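Numbers given in my numbering equal positions in the sequence shown, counted from 1, plus 4.
Even for Gly, the Cβ is constructed at its ideal location relative to N, Cα and C.
It should be emphasised that the depicted structure is a prediction, and the values quoted were computed from it without experimental measurement.
See below for the structure under consideration.
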Amino acid sequence: MAKIIDGKKIAAEIRGEIAQECAELKAKGIVPGLAVIIVGEDPASQVYVRNKKKACEEVGFHSEVYELPEATTEDELLALVKRLNADDSIHGILVQLPLPKHLNDEIIIDNIDPKKDVDAFHPYNVGEIMIGEYDYLPCTPAGVMALLEKSGIQVEGKHCVVLGRSNIVGKPQAMLLLHANGTVTICHSRTKNLALYTREADILVVAVGKADFVTGDMVKDDAVVIDVGMNRRADGKLTGDVDFATVEPKASYITPVPGGVGPMTITMLLKNTLTSAKKHNNL
Ligand code: NAP
């Protein structure tokens, strides 16, 4: 029977620390501020944005949400980003992705001041993560690292297998595990004999976006299994990329979905905003 890594509890602990630091900053007249921009009316994105605003309020941050119509032009969006780049009350700028098709994600992200890029998606910050000298944590992978650390799981010397190579999860996850002295294998849709690799993993991080993709026969005994996946079943229920029923009996630790990695992502966004507020005030 695996130990269940309680992401909700760990996230609440870290958010408590952030709220405490925020209160200390406020006593010095500094209020961390996050601006979130959403274009269009994608229901899932609207939920994410609402959750980010609520999380900001809970830790005492100032937050601004810009809900722009679907028809917003690139020039209009860039003008807002530039205005927020220059706004001293805003320390973090987040553009909710995906943007509507007529807008180019890359152009918009490239125009966010890297010092306010709390999603750590700007090429400057991506480069810093590669080098290992970064201020801004890539939110979801950093959330995974915090779950491992808070659960007392050592990465050093372990064989870490990352399933998925996206720019927001798989690649930065592999980098963070490497920086923590893990031996890292990255697998993707063109990997042949995938189970050969997953069965070798001491720590398996799964981010493929396919419900119940990893089954018990793909996991070795006592592996640590971290499920980043967030998929909606036909009945609307949230489920991960790992088949919990068959993997949990074999694993030593496992994250549930929901309540595992999910609550950590926004927590790391708050941490980045706090870091930015301190850096902007030379603290
Ligand atoms: P993505 O951009 O779609 O990337 C999926 C990755 O999985 C790709 O690298 C793809 O390989 C690989 N893959 C797909 N099918 C595969 C297969 N049959 N065998 C091996 N690899 C396969 O997705 P993402 O943005 O990384 O997100 C992954 C999952 O995490 C999604 O469920 C997403 O909702 C969830 N997520 C959760 C959070 C959170 O806060 N918990 C945050 C972000 C994402 P190729 O590169 O070869 O196509």
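Around the beta-carbon of Ala75, fewer than 16 other beta-carbon atoms lie within 10 Å, marking it exposed. Residue nearest to Ile18 within the set Ser280, Ala281 and Thr269 is Thr269 (criterion: CA-CA distance). Look at the region 9-75 and you find these whole runs of alpha helix (DSSP H), each 4 residues long or longer: 11-31 and 47-63. Within the region 148-226, the runs of beta strand (DSSP E) that reach at least 3 residues and sit entirely inside it are, in chain order, 163-167, 187-191 and 207-210. For the pair of segments examined, the region 252-270 was found to touch the region 222-231: the number of CB pairs separated by less than 8 Å reaches three.
Rounded to the nearest whole angstrom, the C-alpha separation of Ala215 and Met222 is 15 Å. A residue is called buried when at least 16 other Cβ atoms come within 10 angstroms of its Cβ; Asn129 meets this threshold and is buried. DSSP lists Tyr257 as the bridge partner or partners of Lys7. In this model, Thr77 and Ile190 are separated by some 37 Å (Cα to Cα).
For Leu81, the enclosing alpha helix (DSSP H) stretches over residues Glu78 to Asn89. Only residues of its own chain outside the window of five on either side were considered, and among them Ile9, Gly11, Ile14, Ile230, Thr259, Gly264, Val265 and Met268 have a CB closer than 8 Å to the CB of Leu151, listed in chain order.
Counting only the Cα atoms, Ile116 lies some 11 Å from Leu81. Nearest C-alpha to Leu98 among Gly37, Arg237, Gly136 and Ile207: Gly37. In the three-state reduction of the DSSP assignment, Asp114 falls in the helix class, which pools H, G and I. For Ser170, the CB falls within less than 8 Å of some heavy atom of the ligand NAP.
Cβ-Cβ distances below 6 Å link Ile207 to Lys162, Cys164 and Val228 in the same chain, with the five nearest sequence neighbours on each side left out; the list follows chain order. Non-local C-beta neighbours of Asp247 in its own chain, meaning closer than 6 Å and more than five positions away in sequence, comprise Asp216 and Thr219, ordered along the chain.
The C-beta separation of Val40 from Gln100 comes to about 6 Å, placing the pair in contact by the 8 Å criterion.
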